[in-house]
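Each step along the sequence shown adds one to the number in full-length UniProt numbering, with nothing skipped, and position 113 is 113. See structure below.
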Amino acid sequence: MINEIPGMKNQRIKQFALCYTLYIMVHCCRSTWSYASGLIIEQNKLEGFTPQFLGYVNFTFLLSMGVSYFLLGQLGDKINPKLFVIIGTYPLSALFIILALIFEFTTAPKELYLVLLLLAGMFSSTAWPGLLSIMNAWMPKEQKGIILGVFASCINVGNIAGFANSGITIEICDLSILTPIYISGGLLFFMTILFHIFIKPRPPIISEHIISDTSQEPQVSKEVVGVKKLKIWKAWLLPGVAIYALAFGCIKAISMIVGLWLPAYLDYLHVTYVALINIMLDLGAGFGGVIVCYLGVKYQKRATIIVPLLWLGTILMVAINFLKDYDNPYGGYMALNFGVGLFIGGCYNNVAAAIAVELSNNKALKKYKHATSTVTSLIMGYGTLFGALNQIIVPYVKDYLFLYCGILAVVGGLLLIVVIITEWKLDDEPEKLNKEIEMH
């Protein structure tokens with residue numbers, strides 16, 4: 001058994017840490033840009049950089065990322081996943097530094113930022129599918145669901161790191177709004193170097209236990225000769241993939257709206273402690289992701305758990321929408337955003353990591369050697385494209401931002417009702433079989 005190989009546990013911890021930290025840096029760059037873009041609008045740093053234009057910038061970034069997920073996702077299952085990750089993260093780190101340099105030392109037209117964010121979206125699309133492919137190969141079946149729930153918190157830790165970076169450098173140290181962009185871009189480049197040197201995309205020895213665990217492992221027996229590669233259009237036909245992708249579109253849209261627009265929304269309402277409020281949102285999501293994954297593994301009722309949480313999050317978002325009518329509502333924003341992160345963000349992390357890998361390990365995929373990157377890219381790609389379309393809508397509903405997000409959460413929950421029915425039907429089948437046996 002691979003668990004009995006000396007040093008395997010330490011190797012798993014090392015690979016987990018490298019993957020986890022790298023994606024922290026990716027999201028640190030994104031949240032830093034989110035924070036800085038709100039200040040660019042508030043301080044009128046760039047002519048024509050309005051909330052509407054920011055919507056087009058965010059739309060371009062997400063559209064590029066979503067299309068790239070679809071176009072590049074299958075590539076992640078055909079080449080070394082380490083290479084797949086770094087062909088995105090190296091240029092992404094450089095792009096953020098170039099973006100800050102152009103803003104600081106030139107008077108480039110605002111349209112140039114559309115081009116830069118388009119490229120950033122494309123390069124961002126390789127990291128998550130590639131990292132999940134590596135995690136799926138290394139982590140043991142019996143602990144994989146919980147481990148992936150913890151792993152997904154790197155999204156939130158990265159956002160917290162970005163907002164902390166921005167809050168300390170801009171609000172406390174009174175430095176340029178570009179300083180945190182330089183820092184986050186530099187850290188991503190440094191972490192990519194470490195990842196490039198030390199990551200091992202697959203365990204060195206594969207045992208019979210791992211081969212029976214999942215079709216995602218680098219099997220070396222004769223059985224894998226001539227195995228097929230999963231086409232992304234075929235992934236839509238896998239059990240549960242299409243419905244989860246549609247529901248994830250709503251959850252992803254909420255995540256991208258809140259993640260990209262909350263700083264600008266709070267600045268628009270003249271609310272202070274913006275960085276701290278954003279941190280509370282991601283703290284909740286980090287804890288929520290682990291809790292939702294644990295409950296999903298324990299009770300094997302993922303959709304049954306997710307839907308009520310989405311609707312609880314909806315109630316909190318409706319409440320946030322009315323905070324603007326009160327004086328000094330900082331405590332309310334912090335508490336309610338923590339709750340939204342716990343419920344909505346927890347569901348997001350669960351679908352983005354644990355459920356995506358679970359679906360890619362479906363028994364129907366035994367004839368395919370690798371499918372994690374393809375299935376993950378399909379779910380993330382559709383969700384990102386739907387999130388991109390919502391970036392155009394947000395500037396026109398900014399006074400009711402959280403109310404709009406609540407509507408999306410309700411729709412996402414309604415879509416998953418089909419999965420809930422399936423989950424309970426599967427539970428009924430063994431009982432019916434037992435009754436039939438007793439009758440005979």
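Note that beta-carbon positions come from the ideal geometry of N, C-alpha and C, so glycine has one too.
Asked: Cβ neighbours of Leu-316 in the same chain (closer than 6 Å, five flanking residues each side left out); Found: Leu-336, Gly-339 and Val-340
Asked: Selection from Thr-50, Val-411, Leu-54 and Tyr-23 that minimises the alpha carbon distance to Ile-251; Found: Val-411
Asked: Anticipated Cβ contact below 8 Å, Ala-100 with Leu-178, distance rounded; Found: 4 Å
Asked: Span separating the alpha-carbon of Leu-389 from that of Leu-62; Found: 9 Å
Asked: Pair within 7 Å by beta-carbon distance, Leu-148 and Ser-124; Found: no
Asked: Proximity winner among Leu-342, Thr-106, Lys-298 and Lys-324, relative to Trp-311 (alpha-carbon distances); Found: Leu-342
Asked: Integer-rounded CB distance, given that Ser-153 should sit under 8 Å from Asn-350; Found: Between Ser-153 and Asn-350 the Cβ distance is about 11 Å, and since that is not below 8 Å, they are no contact.
Asked: Residues near Tyr-382 by beta carbon distance below 6 Å, same chain, minus five either side; Found: Ala-245 and Gly-249
Asked: Gly-55 classed as buried or exposed, judged by whether at least 16 other C-beta atoms fall within 10 angstroms; Found: buried
Asked: Proximity winner among Gly-76, Lys-301 and Ser-68, relative to Pro-129 (alpha-carbon distances); Found: Gly-76
Asked: Under 7 Å between C-beta atoms of Tyr-273 and Ser-166; Found: no
Asked: Unbroken alpha helix (DSSP H) run spanning Ile-87, endpoints; Found: 81-105
Asked: Minimum Cβ-Cβ distance from Gly-406 to chain D less than 7 Å; Found: Structure shown: chain D not included; a single protein chain is present.
Asked: Reference Ile-392, options Met-139, Asn-58, Ile-306 and Met-191, closest by Cα; Found: Asn-58
Asked: Neighbourhood of Ile-355 by C-beta, 7 Å cutoff - its chain only, sequence neighbours within 5 removed; Found: Tyr-244 and Arg-302
Asked: Three-state class that DSSP yields for Met-139 in the structure shown; Found: coil
Asked: Pairwise C-alpha distance: Leu-132 and Tyr-425; Found: According to the sequence provided, residue 425 is Lys. The question's Tyr does not apply to it. If I take the Cα positions, the gap works out to 30 Å.
Asked: Simplified DSSP state of Lys-45, which is helix, strand or coil; Found: coil
Asked: Beta-carbon gap between Ser-377 and Gly-73 smaller than 7 Å; Found: yes
Asked: Sequence-distant residues of its chain with Cβ nearer than 6 Å to Ile-155 (five each side left out); Found: His-27
Asked: Straight-line Cα distance separating Thr-192 from Ala-94; Found: 11 Å
Asked: Beta-carbon separation (whole angstroms), Pro-201 vs Asn-80, contact threshold 8 Å; Found: 6 Å
Asked: Inter-residue spacing [alpha-carbon to alpha-carbon] between Cys-405 and Ile-41; Found: 23 Å
Asked: Cβ-heavy atom distance, Pro-203 to the ligand ADP, below 6 Å; Found: By its list of ligands, the structure shown contains no ligand whatsoever, and the ligand ADP lies outside what it can speak to.
Asked: Backbone CA spacing between Gln-269 and Gly-346 [nearest angstrom]; Found: In the sequence as presented, Gln is not what sits at residue 269; that position holds Leu. Their backbone Cα atoms lie some 27 Å apart in a straight line.
Asked: For Lys-222, three-class secondary structure by DSSP; Found: In this prediction, Lys-222 scores a pLDDT of 36, lower than 50, which makes its location untrustworthy; the coordinate-derived value is nonetheless stated afterwards. Helix.
Asked: N-terminal and C-terminal residue of the alpha helix (DSSP H) that Arg-202 is part of; Found: Per DSSP, Arg-202 belongs to no alpha helix (DSSP H) and is neither H nor E.
Asked: Val-318 versus Pro-329 - alpha carbon distance; Found: 15 Å
Asked: Rounded straight-line distance, which links the Cα of Met-135 to that of Leu-238; Found: 21 Å
Asked: Rounded separation between Leu-112 and Phe-53 - CA only; Found: 12 Å
Asked: Ile-211 (DSSP reduced to helix, strand or coil); Found: Low confidence applies to Ile-211: its pLDDT is 38, below 50, so where it sits in the model is not reliable, and the reading given next is rough at best. Three-state DSSP puts Ile-211 in a helix.
Asked: Between the CA atoms of Leu-188 and residue 445 - distance to the nearest angstrom; Found: Nothing in the structure corresponds to residue 445, since the chain is present only between 1 and 440.
Asked: Opening and closing residue of the alpha helix (DSSP H) in which Gln-52 lies; Found: 51-72
Asked: Unbroken stretches of the beta strand (DSSP E), 3 residues or longer, contained in the segment 293-379; Found: none
Asked: Neighbourhood of Leu-117 by C-beta distance below 7 Å, restricted to the same chain and skipping five residues each side; Found: Val-57, Thr-60 and Phe-61
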